[in-house]
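Q: With UniProt numbering as the guide, the letters of the sequence shown map in order to residues 1 to 396.
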Amino acid sequence: IGSIGRHTVRVTGVSTLDFRAAFSTVAITDPGRVIERPIQGIPISALINCTGLSPPGLVNSLDLLRVSGDSYFSLLAQRIPVKHSKQLWTVPLFQAPRGSFFLKVNGADHNGYQFQRLSNVAYTSIIPDVPSVSMLPHIQGFHQHPLTLTCSVQSDIPFKVRFSRNGERLGNELSFTEPTNATYEIPSASARHEGLYQCTAISNAGAGFGQTQVSVADPPPTISLHHNVTVSLGEVAVLSCHVLGDVRYNLSWQHDGRALKDGRLWILSNSSLQIRNVQPGDAGRYQCTAKNNHGTTTASVWLSVQEPPKIRMESSSSQLSHGGEVRIQCDVSGYPEPQISWKHGDTFLTDDSKHTIIDGNILLIRDASQEDSGNYSCVASNDLGTDVQSVTLVYT
């Protein structure tokens, strides 16, 4: 081709070979951790996905070209062993040029023919910002309790983090390659740990910092509860609530979220709750709440009231007619939960074609006949006793 002026040359043909590129600030082993553009000023690696290239075809090298077409440099390519794909390639870490550049992939197809492919766009490097650092403006610690300071850092490039208090360096410098939450641990806080803490993140782009004011005070009350309590009806129940520490506090009790108003309930000098002449309605969850100037702590304990079975039936007699259906229900209370059985006369009943027992406390009699008349008993039993209530069915 000869020309005395500027000209464009277009070469046409048929091929499915093409490629896509991505970049990473570390040697690429995970194709999921890549970015679309390189970052200026730090070593970068490139990932090449060569589509349409089938084995034994391969990529030999990657060239970085100036916009004029001249070469910056060439890098040898190597395949990444990734499941389900044999055409992912990477190159060694390199410094991306400051100006725009094209990527050119060089290789051989499955027939051994050499090929070259040029990126359809020019790449420019991201100019990274200084790390962005954030901390809570104030952190409240408690005496003799662990305290963790968290410093959230966002950065496009690797960075180092250091902590200081009132200008004095703390601990070792920490290194990170990606955004993170860096922490500084204080195993047991005290007044000497109070002050202004600073977290400084340093990268090649500069330094960013965040600050937090730490204060240390007496902790909210700590409560130690004993086991749940089970008593029998009419007995005295004592629910223990042991508040740890020497800091003054106010204490209150609630029953199922409600304040205590019954005269049978007393708060003892050791913060325990005493319930005299326990009744079934006293069962449930009791909450012990201790409060001081630094917070509130609540803990729960359960009271179970043992009582013998008690049966309530709506009537003592009922009628049944030929072919009809009769439902008998007995409502049972008691703790532990009573076992319920049914009798017709002296015979215990089970599910059969005539009788069905529903949820234990309902007896269903189907297709009634005269032989189904008589006395039916509901029997409820637990460890504290047995209750029996009967109903008489009259055939009409």
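The C-beta atom is built at its ideal place from N, Cα and C for all residues, glycine as well.
No experiment lies behind these values; they were computed from the predicted model shown.
Taking the beta carbon of residue 227 as the centre, do at least 16 other beta carbons fall within 10 Å, making it buried, or is it exposed?
A: Classification for residue 227: exposed.
Q: Nearest-angstrom Cα distance between residue 168 and residue 197?
A: Residue 168 and residue 197: Cα-Cα distance of roughly 9 Å.
Q: Closest by CA to residue 300, which one among 335, 278, 337, 253?
A: Minimum Cα distance to residue 300 is reached at 253.
Q: Among 217, 381, 302, 373, whose alpha-carbon lies nearest the alpha-carbon of residue 335?
A: When each option's Cα is compared against that of residue 335, the closest is 381.
Q: Please say whether residue 230 and residue 304 have beta carbons closer to each other than 8 Å?
A: Cβ distance < 8 Å, so residue 304 and residue 230 count as in contact.
Q: Using C-beta distances below 6 Å, list every residue in its chain close to residue 185, excluding the 5 sequence neighbours before and after it, in chain order.
A: Result list for residue 185: 148, in chain order.
Q: Around the C-beta of residue 157, are 16 or more other C-beta atoms found within 10 angstroms, so that it is buried, or is it exposed?
A: By the neighbour-count rule (16 or more Cβ atoms within 10 Å), residue 157 is buried.
Q: Return helix, strand or coil for residue 276, following the three-state DSSP convention.
A: It is coil, neither helix nor strand.
Q: Which runs of the beta strand (DSSP E), 3 residues or longer, sit entirely within the segment 200–264?
A: 206–217, 222–225, 229–232, 237–239, 241–244, 250–255, all fully within the segment 200–264.
Q: Does DSSP put residue 192 in a helix, in a strand, or in coil?
A: Correct three-state label for residue 192: helix.
Q: Could you give the DSSP three-state label for residue 385: helix, strand or coil?
A: Residue 385 falls in the strand class under three-state DSSP.
Q: Look up residue 44 in the DSSP assignment and give the residues it is bridged to.
A: According to DSSP, which records beta bridges pairwise, residue 44 is partnered with 94.
Q: Once DSSP output is grouped into helix, strand and coil, what is the label at residue 109?
A: Note: residue 109 maps to coil in three-state DSSP.
Q: Please name the residue, chosen from 104, 93, 34, that lies closest to residue 63 on a Cα-to-Cα basis.
A: Checked all of 104, 93, 34; the closest Cα to residue 63 is 104.
Q: Can at least three beta-carbon pairs, one atom from the segment 341–355 and one from the segment 371–381, be found at a separation below 8 Å?
A: Flag = yes, the segment 341–355 and the segment 371–381 touch.
Q: Taking Cβ positions, are residue 275 and residue 329 nearer each other than 8 Å?
A: Cβ distance not < 8 Å, so residue 275 and residue 329 don't count as in contact.
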